[in-house]
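Read in full-length UniProt numbering, the sequence shown has 52 at position 52, and its numbers run on one by one without any break.
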Amino acid sequence: MKRNERLYGDLSPRELLDEGAEPVLLVRPGEGQAPYRVPLYSGEDLDAAVARARSAVPDAEAIELQVYLRGRFHYVRL
1 MKRNERLYGD LSPRELLDEG AEPVLLVRPG EGQAPYRVPL YSGEDLDAAV ARARSAVPDA
61 EAIELQVYLR GRFHYVRL
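Shown next as structure tokens:
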């Protein structure tokens, strides 16, 4: 699985959510630890999902949006 740090084309994270499928927030707690997967619920606001992810893992190093679009996964650091 190849990691993309850039958005697909010129899409913002919200547009990427509208275009893609299977949106998940990957919450990375620290080096050497597996990321937690926090699903985005249908119709949920992205900011609310990020807040929910931060409360689940308060010491997270990074939160990334993972979306399946056009045959591959795309990642955006939030």
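Ideal Cβ positions, reconstructed from N, Cα and C, are used throughout, including at glycine.
Tell me which residues share the same chain as residue i and place their Cβ nearer than 6 Å to its Cβ, disregarding the 5 neighbours each side in the sequence.
i	result
residue 67	16, 20, 23 and 74
Which same chain residues end up closer than 8 Å to residue i when comparing Cβ atoms and leaving out the 5 residues on each side of it in sequence?
i	result
residue 33	none
residue 14	46
Here's a check: name, in chain order, each residue in its chain whose Cβ is nearer than 7 Å to the Cβ of residue i, leaving out the five neighbours to either side.
i	result
residue 35	26, 27 and 28
Mapping DSSP to helix, strand and coil, what is residue i?
i	result
residue 60	coil
residue 69	strand
residue 46	helix
With a threshold of 7 Å, establish whether the CB of residue i neighbours any heavy atom of the ligand GTP.
i	result
residue 64	Of the ligands one can find in the structure shown there are none, so the ligand GTP has no counterpart to examine.
At what residues does the beta strand (DSSP E) containing residue i begin and finish?
i	result
residue 19	Premise fails: residue 19 lies in the alpha helix (DSSP H), 13 to 19, not in any beta strand (DSSP E).
residue 36	36 to 39
Residue i: buried (16+ other C-beta within 10 angstroms of its C-beta) or exposed?
i	result
residue 49	buried
residue 53	buried
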